[in-house]
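Okay, so here's the structure we're looking at.
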Amino acid sequence: MGIEAHVDGVVCPIVDISRSAVRVVKPDGFLPRDRAYDLVFDIDQPGVLSRYRVEGHLIRCTDIYFVLGYQAPIAQWEELLRSLDCFESLQLAEI
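The opening position of the sequence shown corresponds to residue 10 in my numbering, with each subsequent residue numbered one higher.
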């Protein structure tokens, strides 16, 4: 179970994600630009692999990561992300 981000076809590890932005590790050769990025989220849930394609717009770029803003691909996007958050699923007694 998990989520994977692809930026212009390159898999980029996710540092943080919200319903409207994603921070990912910057791949080698990444160059900031004004035009939109092709941003794809692959979500792997038991028995189901879903793919969501959106336009990503650069918000911030550092030497290590970059942040892309995007429109939620489905109305239940925030709930879907929350369901994938392993930390949210833990009981305090397990920590």
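Heads up, the beta-carbon is just placed ideally off N, CA and C, and yes, glycines get one too.
Shown here, S29 sits in coil according to DSSP, grouped into three states, outside any helix or strand.
In this structure, V31 places its C-beta atom within 8 angstroms of the C-beta atom of L77. L48 has V16 and V63 as its beta-bridge partners, per DSSP.
Here the region 51-63 does not lie against the region 23-40, with fewer than 3 beta-carbon pairs under 8 angstroms apart. With 16 or more other CB atoms across the displayed protein chains lying within 10 angstroms of its CB, V16 is buried.
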